[in-house]
Amino acid sequence: MKISDNKLVSMTYSIYEGEDLLENVDTPVSFIYGKETNLLPIVEKALHGKEKNSEVSIEVSSELGFGKIDEGLIFQDSLENVPKEYRKIGMQIDFANDKGVKRKFRVTKMDDRNITFDGNHLFAGKELLYKIKIIDVADTELIQN
């Protein structure tokens, strides 16, 4: 059975930047192809027509992936303005703008005076390689009954 709209797809994947492994998911994740997913459009398109046990490698530019780094989403603040529980590299914090729109920011740098926050996606600005293994493809009608 080939991947097409309304098929239940289970897959595992790894994401690389060059030789560096950025993310590895070896427990299958499932989704209904063609419905709203968190997959990048370029990744979803590359899966179309593939079958169970297929392996797919997809090169994803920053433009088609998570975007270029937006310097406007990186800012520095005085350490004394930040509660102690947030003073840890990698810590994610929700900030809201004046319209109430929230965005996650990561603590990326800290010294004895200042702390730097970055609201870009962790993979922004990166050229990525997705390596995907299709574990299963099934009709959704079989799971609805």
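Sequential numbering of the sequence shown, starting at 80, is according to the numbering used here.
Positions of the beta carbon are idealized from the N, C-alpha and C atoms, including for glycine.
On a predicted model such as this, the values are computed, not experimentally measured, just so you know.
TODO: With DSSP as the reference, label I82 as helix, strand or coil.
DONE: coil
- [ ] Given a cut-off of 8 Å, decide if M80 and E130 are closer than it, judged by their beta-carbon atoms.
- [x] Closer than 8 Å, so yes.
- [ ] Under the assumption that L207 contacts V135 (Cβ atoms under 8 Å), give the Cβ distance between them as a whole number of angstroms.
- [x] With a beta-carbon spacing of about 14 Å, L207 and V135 fall beyond the 8 Å limit used to define contacts.
Task: Cα-Cα separation, D215 to P107 - done: 9 Å
Task: Helix, strand or coil at N224 [DSSP, three-state] - done: Low confidence applies here, because N224 scores a pLDDT of 46, under 50, leaving its location unreliable; read the following figure in that light. The three-state reading of DSSP puts N224 in coil, since its state is none of H, G, I, E or B.
Task: Those residues which DSSP pairs with E102 across a bridge - done: I94
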